[in-house]
Structure formats: structure tokens, C-alpha cells
Amino acid sequence: MSERTKKRTQVADVDRSLYDFTYSEEGYERYDDGLTPDIVRAISEKKDEPEWMLNMRLAALDTYHAKEMASNWGPSIAGLDMDHISTYVSPRTKQAKSWDDVPDDIKNTFERLGIPEAERESLAGVGAQYDSEIVYHNMREEVAKEGVVYTTIEDALHDPQWEPIVHEYFGTLIPPADHKFAALHYAVWSGGSFVYVPAGVTVDYPLQSYFRLNAEGAGQFEHTLIIVEEGANLHFIEGCSAPKYYEANLHAGAVELFVKDGARLRYSTIENWSKNMYNLNTKRARVGADAKMEWVSGSFGSHVSYLYPTTILQGDRSSCEFSGITFAGATQDLDTGCKVILNGANTTATVDTKSISKDGGCNTFRSSVVVGRRAANARCSVSCQSLMLDDISRSDTIPAMDVRNATASVGHEATIGRISDDTVLYLMSRGCSEAEARTMVVGGFANPVSKELPLEYAVEMNNLIKLEMEGAIG
Amino acid sequence: MSVNDERIALERVNTPPAQTWNYLRTNDITLTVPAHSRKGDVFFALPRLFEQVECGMGPKVTEWVESQAADAHYVEVRAGVQRAEPIIAEDDTGVMVRAGAEATIVIGASPTEEALDTSASLVRIIAERDTTVHVLEFVAENADQHVHSVGITAGANARIDVRQFFLAAGTTAAGLTVALDGDHARLDLSCRYLGREHDVLDINHVVRQRGRQTRANVRESGVLDGHARKALRATIDLIHGSSGSEGAELESVLVLSDDVTNKTMPVILCDEDDVAGNHGASIGSIAPEQIQYLRDRGLSLEEAEALYQRALFDEALIAAPTAGIRHTVLARATAVLGADVANDLVAGLGLDEAKEV
């Protein structure tokens, strides 16, 4: 083997200029750093919320202070000091339905990220959040005519038709006491989306929410609540990014998904937070009989991530598919995976995840599969593949299975390895440079996940992989 | 440790190197064990070298066994010697296998007529370079709970093969850590277990692959019935510098009852790129087509399920190296499968114990 192929992969700093731009916060409303009941009351008052929501926030704040983080697992969050995080930062602008009505700096931000273009070409509706507030929300008229509701949680709370629905569902799937940062979320949540798809309605094009955190030393705590009624069908896309700062930022959102009997929901995420971000997000779906939940998840950013979308297959014959890829580079410690709880009879779950580690990045795939006593003939298969691109990175897989039904069948397989020299040599003998060969192999590795995304997002994901692989040969 | 009426709680022991969500209750086990005061007594302790051997159930259990056992047993197999007689490891035992030697080490309590409260052993093995070490571990004796912690370090080119049979009633907590420190060291581990009625099995396997070109091949399989509860944690740790190493782990579980709780946590930790690690787990019942195949040949479902349990005892009896161990396994086989089947097993092996059962 030539000396050339024996050389270690050296990855240059990634050009993140597409994402790493900032605008001044001058004129923005920014609450004091830290967490106090007064700040919680101020957020609630600003949103003119019903009393039950304020009470929920205050109780959650107490829970947050009472709960401890587990000390025996997970990456360190020692660099996150809530006394130096502002939980509410808002541009002084009203929510717009036309991009022309959005302030120039914010509009420029989303244009650089390609959101208005995507809206014109391939989406049924778009919500854009800038720091703590939604600044743009719109949906195609024909979709609205079908009875589909796509709005902010705040607006739904002020609508007599939807306030009782929000009250009924909000915080039920992810209770505030779920874990410390779920409690924090409920204390200070702001922004996010409320989606309601009536029974039998199929939304032909995806809806998308894009979250941009521009402010330094701030947190984003959006709440997404989606209800897909019986027999309905929706694809929801979530994107997020932030410029890089040297001060810690925090994302502690919550996503509650209710997929009723016979319905189908696909929830796709391309997460590209900057590498000073603590991403402590919680996502959970409850799936009814004969319904299907699909997750497609690409995690590229963040300094530290704790992210495990959970699916509760409650109804008989319900199913879920989870496809995810995580790319951890320098300074990143990404603890990602998923949880599946099979409660219904004849339920099925398929989990297929990939991870790539390079430049000293740490990847942990963490999962749990729990099969309840009632889940006769449940079937679950988990596949986890990890690729190591150098010898200073780290990749761990920590799955757990708990099976309590004799007729269930659960399978798990995981592999960890590197790109074989033979493969690189083969591609080089056919005219590829070593850099091209390695990028091609990594692209092929990620392909099963990217092919699950709409074309535009698959292209974005592949571009992110290319960015991460740039200069990958020394 | 909190002492209470000569009982102490060993809290959260048998933990793996990497843990997960605590609400799953998969990370550890808490045991209440006897704690007889030995204050003022002086016992023979193992050479300090053995303190460096990491044991599967962790330091709390090591400390407890050391405090409860009388004299520790130290056995040395001289360099280049092929020792035919097995070494019976009991209580607190340290075995030094010098370079180029071969030895068989048997872990398993002596048969007792009366039920014990707790049976426990702590076995530490240092296998120097070019050694071959066979470890046979049997847990089948008559006791309410069984606490067995084993640690092995392997030098360059050492060959370690471990066969474990966990067949006892009550609670079995067993931990094994094997450190493949030397280049080209190899571990082959086979673990067979049976859980029935209200048995509790808590097993922790850890393989540390430090040397270059090391190999670990871990296989666990078992049968769970009744209200049995089992947790298996199996970790392959590919440590930085272990280039060229490969680790594989595979578990296969047959679940025969809806009241069983089966927890599995197969972990790979990888801090090196030039390695290969893989694991798999298969959890389920006998496939309908297999049941039909057996029915076509006149076997009922119950008979088919009993075959799996019988196979476990059959394998354990074949592997049992001493009459004492065979007697213990047979007594347990009689309790689980009945005297007729136990006699049949013995007859099939051509052993004298058939008369004793």
C-alpha cells in the first residue's frame, strides 16, 4: 500500500459562512440572563396567556430547580450556565404573512438560508422563528381550505376554537417533570408551531418550520404541537441553524406529535446549530392504531446534543421508522439516538442510524426499545452503523432493550469501523483523488438517510457532508 | 455501604463502563448481603499485583468478598507448564499463569445439602504472555443468591476461553471483566443461562481491548420462563491504541412466558479507528414454523420448550470437569427437569452419577 493512502485524514476547518453570519441585536427586546419567577411571568404576560399556562410555567420552573441531571451517563454540560443565558430575545417586529413585511436583516437571513425560495417551490407552508418569536408564518390557501391549521402556539391560544385543543394536548406527551430541561422548556417556552390536520386530509406538500438563533448567550425554547387526525397524512420539516459564538447558546425545544388511528406523519429534521450550542431537545410521538410515524433526522451541528426522538406505538398495528445520521467533528460531543415503546399488538418498528466521527468528535448512539406485556407479535429491528474517519475521534453505541412479551421479536445489530484502504485504493485506481474517494464513500454511507428527504433537503444534507469533508486529505 | 444487623446493601453494583437512562433500571443491581465482622482477624491476602485486576462486579463487591472470605488462595502455574489438574477457585482466589503455561480454572461452589443464604466468589487471574487459560464457571448450587465476580488480564498472545453456566435458582449476579492488554491476545466467551419461576439474573461482561490485533468473541444465549427477570450488559471497549483489533458480541434469548422481563444492553465503545466492532441481539420465542416442524414429529410445544432447557444442562454436564460440579448440575437438572430426564442425561453421557439421582 502506498504511503499516500496510509496518511491520516486531515480535515481543514469547515467553511460555514453560509450559516455563520450575524446581525446586530440593537433595538431587540432582551430579558435578563438567568431564571426567576419574574422572568417567567414577564414572558407569560407578554404573550397575554391564559392563567393555566402561567401556572404551568411557574410549576415547571420549580420542577427545573428541583431536578438534577443524571451524573452517570451523557456528555458534560458543565459549560452551560443558565445564569448567563437569556431565555427571551425578540426582534421588535410583528409576525408577517409576506416576506416583504419582514425587517430587512431578518429577511436577508432567511433568504441566505434559502427559505423563501423553498417556500415558493416545494412547500405548503412556512414558519420562520428568529430568536424567541415567530417572525413569518404563511400557508397556501388551498391547504387552508382543506381545514388544515398551521399557526403559532401563541395564536392558537388566542383563538377560542383552538385554545381548548391546545389546553387538552399541550404538555401531555412530554410532561414538564419528564427531565430537567423539559421542565426548563415549559417554564420559558416561546414560539414554535401548532398544526392540525383534519381527518382524512392529505397535505400534498410538506410544511416547514425554520428556527434561527441569532442572539449570543441566548436560548431558544420553541414548542411544536402537531395533531394529525384519523386517516390524515402530513410531512413536516424542521430546520435550524445559528452563527457561531464563543459564549454558550441553548436550544431546549419540545415537539409533541399526535398521530391518530390510520394517520401518517413524517417528521424530518436537518439540525445545523453552531458549535457553541447545547442542544437539549425533546421530541415525542404517540401513534394510534394502524397509524405510521416516520422520523428522518440529520444532526450536523451543536457542541453538545442530547436528542432521542421517542415513538410510543400505542395502537395495534401501528408502526414507526427512524432513519438518522449524525456527523460529529471537532469540539462536538453528540449523544443522539431514539426510543421506541411498543405497547400495541402487532406493532412494528425499524431503526436505521448512521454516525460519522472525525477530528476528535464524539458520537454516541443511544437507544431504547421497550416491548410491553400487551404487545403481542411486536417486531422491532435496530441497525446502527458508525464510521470512524481518524484515530482521535470516538464512537460509542449504547442500546438497551427491555422485552416483556414472549411473542415479540427484537433484533439489534451494530457495527463500528473505518473506510477500508482497499475501497479507497479501488476508487483511486479509477481516477478519483483520495479526497474524492473518501467523500464518495461517506456520501454513500449517508445515502440511505438522505434519500428519505425531499430533494432540496437531501441536497442541503449532502452539501453539509461535503463541507465537513472539505480538505479531508493531508 | 450501610451495615444493618450484619447485612449490608451493595448498592448499584455490576455496572458497565458506559451507562444509560436510569429509569430503564438496566445499569446495575443492588444486593443485600451478609456482613460478618472480622475485626481484629488477620488473613492471608493476595499479592498487591492482583489489586490491578479489574473485576466484573466492581470494587464494592471486591471489597465485600475480601472482607468476608477467610484466607485468600493464591495459585501459581509455573512458566511453560501445562497443568492437567484443574484449579478449583473458591471464595477469594488469585491465579498467576506464568508465560507459556496452560491451566484450567474452575469456578463453582462445592455442593451443599442445605440451602445457603449467599454464595460468593472473587476470582482474579493474571495470564502472562503466550499462555492458554480455560475458565469454567458454574453457578448451580443451592443458595438464595449468588455473587460471582471475575477479572482476567491477558498478556501478549494469551488465549483465554471462558465458559459460563448460570443455572441456579434465586438471584444470580455475575460480572466478568477481561482485559486483553497484550498484542494478539484473544478471548472466546460463551455464556449459557436459564431463568425460571422468580429467578433474577444480572450479568455484566466487559472486554477491554488494549493490545494491538486482539480478538474478542462473546456469545451469550439463554432461556427465560415463568416470572424470570434477566439483565445482561455486555461491553466491548476498543481502547485507543488497540489498532487492528476486532470485537464481536452476540446474544440470543428464548423467551417462553409473557411474564418474563428480559433486558439487554450490548455496548461498543470505540476510541480507535483501525478496529472493527459489532454486536447483535436476537430476542424472541420459537418460530411458528419451527413449532410446526416439531409438532409434525410428535413433540408438543411444552416438550419442544423443555428441549431447550435440557440442552443447557446437557452442555453443562459435558463441560463439568469434576464430580462435585457434575453433582451440583445434576441436582439442579433434577429440580428443573425431573429425575427421569436427569437420569437420561447422565445415561447419555455414560456417567456413574445416574445411580445417585
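If you read the protein sequences in the order shown, they are chains A and B. Residue 472 in the working numbering sits at position 462 of the first sequence, and the numbers go up by one each step. Residue 308 in the working numbering sits at position 284 of the second sequence, and the numbers go up by one each step. Think of the CB as a built atom: it goes at the ideal place given N, C-alpha and C, for glycine as much as any other residue. Quick caveat, the model's predicted, so the values are computed rather than measured.
Counting only Cβ-Cβ distances below 9 Å, V413(A) has contacts in chain B at V277, V279, V284, T285, N286, K287, T288, I307 and G308, in chain order. In terms of beta-carbon proximity, N46(B) lines the interface with chain A, with at least one pair separated by less than 9 Å. Proximity to M149(A) across G137(A), D141(A), E143(A) and S142(A) peaks at G137(A), based on C-alpha coordinates.
Nearest CB-CB separation between N241(B) and chain A: not below the 9 Å threshold. Where E35(B) is concerned, the enclosing beta strand (DSSP E) starts and stops at R31 to V37. A direct Cα-Cα distance of roughly 12 Å separates I49(A) from I95(A).
Sequence-distant Cβ neighbours of T142(B) in its own chain, meaning closer than 7 Å and more than five residues away, are V57, P58, A167, D168, Q169 and V171. The alpha-carbon separation between L325(B) and S214(B) amounts to approximately 27 Å. Judged by their CB atoms, Y206(A) and V159(A) are nearer to each other than the 9 Å cut-off. Annotated three-state conformation of K368(A) is coil, per DSSP. Under the three-state reduction of DSSP, W199(A) is assigned to coil, being neither helix nor strand.
Residue-level contact by beta carbon fails for H222(B) and chain A, as no gap is shorter than 9 Å.
At a cut-off of 9 Å between beta-carbon atoms, L262(B) makes contact with chain A. Ranked by Cα distance from H189(A), the first of S278(A), A70(A), E239(A) and P409(A) is A70(A). Interface residue (Cβ-Cβ distance to chain B less than 9 Å): T360(A) is not classified as such.
Taking C-alpha positions only, D212(B) is separated from V413(A) by approximately 27 Å. For A363(B), no beta strand (DSSP E) run applies; the uninterrupted alpha helix (DSSP H) run containing it begins and ends at A363 to L373, by DSSP.
DSSP, reduced to helix, strand and coil, places Y316(A) within a strand of the structure shown.
Three or more beta-carbon pairs separated by less than 8 Å link the region 315–324 of chain A to the region 346–362 of chain A, which places the two stretches in contact. For K270(A), no alpha helix (DSSP H) run applies, since DSSP gives it neither H nor E. For chain B, the residues of the region 381–410 of chain A that bring a beta carbon within less than 8 Å of one of its beta carbons are R383, S396, M398, L399, D400, D401, S403, R404, S405, D406, T407, I408, P409 and A410, in chain order. Think of a sphere of 8 Å around the beta carbon of R294(A): no beta carbon from chain B falls inside it, the nearest being about 14 Å out. DSSP places Q342(A) in no alpha helix (DSSP H); its state is neither H nor E.
Residue-level contact by beta carbon fails for I131(B) and chain A, as no gap is shorter than 9 Å. By the Cβ test, the region 291–310 of chain B is in contact with the region 416–430 of chain A, since at least three Cβ pairs between them sit closer than 8 Å. Residue-level contact check: V231(B) does not touch chain A, since none of the beta carbons of chain A fall below 9 Å from its beta carbon. Within the region 400–476 of chain A, the alpha helix (DSSP H) runs of at least 4 residues that lie entirely inside it are, in chain order, 431–439 and 444–460. As for any beta strand (DSSP E) of minimum length 3 sitting wholly inside the region 195–243 of chain A, the runs are 202–207, 217–222 and 233–238, ordered along the chain. With a 10 Å radius around the Cβ and a threshold of 16 neighbouring Cβ atoms, F68(B) comes out exposed. Taking the Cα of T117(B) as reference, the smallest distance to any Cα among T155(B), L73(B) and G104(B) is reached at L73(B). DSSP places W109(A) in the helix class (H, G or I) of the three-state scheme.
Below 8 Å, too few C-beta pairs join the region 266–279 of chain B and the region 389–398 of chain A to call them touching: fewer than three. Separation of R51(A) and L64(A) (C-alpha to C-alpha, rounded to the nearest whole angstrom) is 7 Å. Contact between A299(A) and D271(A) is confirmed by a C-beta separation of about 5 Å, below the 8 Å threshold. For a Cβ distance threshold of 9 Å, residue set T407, P409, H422, E423, A424 and T425 of chain A lies close to H303(B), ordered along the chain. Secondary structure in the region 196–256 of chain B: the beta strand (DSSP E) runs of 3 residues or longer, each lying completely within the stretch, are 210–219, 224–233 and 239–248 in chain order.
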